[in-house]
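Just below is one structure, and these are the notes that go with it.
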Amino acid sequence: MSFLINTQAISKTFGAIPLFSSISIGVFARERLGLIGPNGSGKSTLLKILMGLETPDSGKVVQNSSIKLVYIAQQDTFPPNHSLKQILFGAQAAELDDAECQYRIWEVTGEYLFSDLDRKVSELSGGWRKRLAIVQALLQQPDLLLMDEPTNHLDLGGILWLEALLKKSTFAFVLVSHDRYFLENTVNVLVELNKVYPEGYFKSAGNYSDFLDKRAQFIEGQLKKEQSLSNQMRKEEEWLRRMPKARTTKAQYRIDNAEQLRADLQKIKTSNAQNKKAGIDFEASNRQTRSLLETHDLTISRNGKLLFSNLNLKLSPGSCVGLMGENGSGKSTLMNLLTGTLSPDSGSVERADNLRMVIFDQKREQLDQKQTLKHALSPTGDNVLYKGNSVHVASWAKRFLFSPEQLQQKVSQLSGGEQARVLIANLMLQPADILLLDEPTNDLDIPTLEVLEESLSEFTGAVVLITHDRYLLDRLSDKLLYLDGHGKPEFFADYVQWQQAMRGKNQSISATKPAKIKKSTAKNTSDKSGELKSLTKKIQTAEAELEILQAQLQDADVISNPARLTALCEKIENAKTKIDEFYKRWEELEKDE
Numbered sequence: 000m001s002f003l004i005n006t007q008a009i010s011k012t013f014g015a016i017p018l019f020s021s022i023s024i025g026v027f028a029r030e031r032l033g034l035i036g037p038n039g040s041g042k043s044t045l046l047k048i049l050m051g052l053e054t055p056d057s058g059k060v061v062q063n064s065s066i067k068l069v070y071i072a073q074q075d076t077f078p079p080n081h082s083l084k085q086i087l088f089g090a091q092a093a094e095l096d097d098a099e100c101q102y103r104i105w106e107v108t109g110e111y112l113f114s115d116l117d118r119k120v121s122e123l124s125g126g127w128r129k130r131l132a133i134v135q136a137l138l139q140q141p142d143l144l145l146m147d148e149p150t151n152h153l154d155l156g157g158i159l160w161l162e163a164l165l166k167k168s169t170f171a172f173v174l175v176s177h178d179r180y181f182l183e184n185t186v187n188v189l190v191e192l193n194k195v196y197p198e199g200y201f202k203s204a205g206n207y208s209d210f211l212d213k214r215a216q217f218i219e220g221q222l223k224k225e226q227s228l229s230n231q232m233r234k235e236e237e238w239l240r241r242m243p244k245a246r247t248t249k250a251q252y253r254i255d256n257a258e259q260l261r262a263d264l265q266k267i268k269t270s271n272a273q274n275k276k277a278g279i280d281f282e283a284s285n286r287q288t289r290s291l292l293e294t295h296d297l298t299i300s301r302n303g304k305l306l307f308s309n310l311n312l313k314l315s316p317g318s319c320v321g322l323m324g325e326n327g328s329g330k331s332t333l334m335n336l337l338t339g340t341l342s343p344d345s346g347s348v349e350r351a352d353n354l355r356m357v358i359f360d361q362k363r364e365q366l367d368q369k370q371t372l373k374h375a376l377s378p379t380g381d382n383v384l385y386k387g388n389s390v391h392v393a394s395w396a397k398r399f400l401f402s403p404e405q406l407q408q409k410v411s412q413l414s415g416g417e418q419a420r421v422l423i424a425n426l427m428l429q430p431a432d433i434l435l436l437d438e439p440t441n442d443l444d445i446p447t448l449e450v451l452e453e454s455l456s457e458f459t460g461a462v463v464l465i466t467h468d469r470y471l472l473d474r475l476s477d478k479l480l481y482l483d484g485h486g487k488p489e490f491f492a493d494y495v496q497w498q499q500a501m502r503g504k505n506q507s508i509s510a511t512k513p514a515k516i517k518k519s520t521a522k523n524t525s526d527k528s529g530e531l532k533s534l535t536k537k538i539q540t541a542e543a544e545l546e547i548l549q550a551q552l553q554d555a556d557v558i559s560n561p562a563r564l565t566a567l568c569e570k571i572e573n574a575k576t577k578i579d580e581f582y583k584r585w586e587e588l589e590k591d592e
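In terms of numbering that gives the first Met the number 0, the sequence shown has 514 at position 515, counting the first letter as 1, and numbering is strictly consecutive.
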């Protein structure tokens, strides 16, 4: 079996905190591996170790010497005075002329993504800098691409664009992400770093849904194992209490076994106790009314651009409206109109008397970075008042997975995910009729996202939710409001309906190849179209078969049988060769167009 790279029992400690120990995982050609885990579990560090940017404290990394390894960090380091042309052309072979470089950019992106290559990096938004970093990496033609939170800063259109690129990719990749739909649609292997597992990680072949099923089965098995060991330990402790003073060899053997049993039980208890999640539970005012807020023909422009017009929206108790649209389409502006901090050009907002709205600000300006964590969580003293009960700040902090030692840390020293948890903790102290949440999921790990989702689903007030997390959006929203940024708001029942509508609109938009190097063809267009359609089905079938074969590598019976393992590896190599041939033919047909 051909590995691209693997780790052999690597361990890493950050300061006095152990991130992970004895991690042994490998990445195969064409493998699409998603790396997940709680904040602080060491995902980004593991990526840097794979790239050679950091060294493990113990163990080693073995890499195929012939592979091209490329890394996309969370934050790019582009020189601000460089142009897009310098960045993108510089990532390609020196012997290529400008027309060839431009054509390769088109091949990578499938469209004219960057219309002005003379534009400076300093002029780009965070989302466009992220797109630039992704295209620069792809132009280097990696065999293995390492991506740390690649969807950060991307709007929904950017995330869908990246998904499409990765789906048709022929290279292997490892990506760190908390975006559950993105994982569902792009990876075929999941690895979770988490101390809840005996080996410190859990690996599952398949997509995110498959991972959830297998993880649930594993955790259920661990809990049953703990219960079984507890029952055995009770019997042994009863025997030890009435054991005769005269110890025979047989009795000593049983004593030794009991001590080993006690150690095993403590180990699995400690492991299972690691599966902690933040305690998120928003307090609603439970106001009895049919309507909390209504907008009537709301219209607004910003900087001479019409964002939306004649918008009519009603918020009732128990409802959740998800806001969608590209960056700059007016989502945050609508939030400000609902709160009254901004006035519309025309139309009105009707609010219930004494309406209580609580806001989550994506810019986190509500947090004083110079404050300690203790003061940020409890500004008035050592206790907070939650649902009529006085709670000590140490207990309140523990609810959000902060240790007592962290209470004196400055807010500026907290991670992005930790700062998001502080804001959520503050929101929970304010009874609300309406929650206005502007990107509350940024930097949150998946366990915290799951708890946030559960809490919001049980909130009896109204919720207006802006998020790029489609999984959360689809689970919570009663309806979706899409702002196109050109004045036409549109409502959809769910994410699937919105996606179908967008596909319908995009079918009429086709990308055109650069004219300078457009290649002529004498083949019949309909014949090529038919072969391309046939190839698509063959590739999908072959890749599905490959995933099934690779999943068998997790089977203990196969691993322990050299003959079966050799035969399986040969089948996998043959399957990969067949897929490579299909893609090679695909590229030939594409170039002939």
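Virtual Cβ for every residue (Gly too), placed ideally from N, Cα, C.
query: Whether Val410 touches Leu443 by CB criterion (8 Å); result: no
query: Residue range of the beta strand (DSSP E) that includes Asp296; result: 292-301
query: Pro513, DSSP secondary structure in three states; result: Only weak support is given to the placement of Pro513: the predicted model assigns it a pLDDT of 42, under 50, and the value that follows is read from those uncertain coordinates. In the structure shown, Pro513 sits in coil (DSSP, three-state: anything other than H, G, I, E or B).
query: Nearest neighbour of Ile433, chosen from Glu404, Gln412, Leu354 [CA to CA]; result: Leu354
query: Assigned exposure category for Gln135 - 16 Cβ within 10 Å defines buried; result: buried
query: When Leu480, Gly484, Leu189 are compared against Gln498, the one with the closest alpha-carbon; result: Leu480
query: Alpha-carbon to alpha-carbon, Phe201 and Glu225; result: 18 Å
query: Where the beta strand (DSSP E) containing Gln7 begins and where it ends; result: 2-13
query: 8 Å Cβ shell around Ile538 - same chain, five flanking residues per side excluded; result: Ile578, Phe581, Tyr582, Trp585
query: Cross-strand partners of Cys319 (DSSP beta bridge); result: Val462
query: Burial state of Pro446 (16 or more Cβ within 10 Å); result: buried
query: Rounded distance between the beta-carbons of Val421 and Leu376, thought under 8 Å; result: 6 Å
query: Inter-residue Cα distance where the pair is Leu211 and Val188; result: 12 Å
query: CB of Gly503 within 8 Å of CB of Asn326, strictly; result: no
query: Outcome for Asn302 when other beta-carbon atoms lying within 10 angstroms are tallied against a minimum of 16; result: exposed
query: Coil, strand or helix - Glu282 by DSSP; result: coil
query: Runs of beta strand (DSSP E) wholly within the region 384-464 (minimum 3 residues, chain order); result: 388-391, 433-437
query: Span of the beta strand (DSSP E), counted from its first residue to its last, around Arg31; result: 31-35
query: Candidates Val390, Gln408, Ser176, of which the one nearest Gln370 by Cα; result: Gln408
query: Residue nearest to Ile48 in terms of C-alpha spacing, selected from Glu349, Gly486, Val173; result: Val173
query: Same chain, Cβ closer than 8 Å to Thr185, five either side skipped, listed in chain order; result: Arg31, Gly33, Glu162, Leu165, Lys166, Leu174
query: Three-pair Cβ contact test at 8 Å for the region 286-301 versus the region 324-342; result: yes
query: Contacting residues, own chain, Cβ-Cβ under 6 Å from Gly415 (five flanking each side not counted); result: Asp442
query: Run of the beta strand (DSSP E) containing Gly346, from where it starts to where it stops; result: 345-350
query: Residue-level contact to chain C via CB, Thr379, 8 Å cutoff; result: Given the protein chain composition of this structure (a single chain), no chain C is represented.
query: Completely contained alpha helix (DSSP H) runs for the region 35-92, where each covers 4 or more residues; result: 42-50, 83-89
query: Residues that Phe19 bridges to, as DSSP identifies them; result: Lys11
query: Buried versus exposed call for Ala521 [16 or more other C-beta atoms within 10 Å across all chains shown]; result: Bear in mind that the predicted position of Ala521 carries a pLDDT of just 35, short of 50, making it too unreliable to give a figure here.
query: Close-in-space but distant-in-sequence residues of the same chain around Ser509 (CB under 8 Å, 5 per side omitted); result: With a pLDDT of 37 at Ser509, under the threshold of 50, the predicted position of this residue should be treated as unreliable, and no value is reported.
query: At least three beta-carbon pairs within less than 8 Å, the region 341-360 to the region 398-406; result: no
query: Cutoff 7 Å; reference Lys575; Cβ partners in own chain excluding five residues on either side; result: Ala28, Arg29, Leu545
query: Close-in-space but distant-in-sequence residues of the same chain around Asn523 (CB under 6 Å, 5 per side omitted); result: Unreliable positioning characterises Asn523 in this predicted model, as indicated by a pLDDT of 47, which lies under 50. The coordinate reading is nonetheless provided below. Hits under 6 Å: none found.
query: Closest residue to Glu453 among Glu293, Met50, Leu137, Ala277 (Cα-Cα distance); result: Ala277
query: Beta-carbon separation (whole angstroms), Ser114 vs Pro149, contact threshold 8 Å; result: That belief does not hold up - the Cβ atoms of Ser114 and Pro149 are roughly 23 Å apart, past 8 Å.
query: Proximity of Thr108 and Pro316 at Cβ, strictly below 8 Å; result: no
query: Rounded separation between Lys386 and Glu282 - CA only; result: 7 Å
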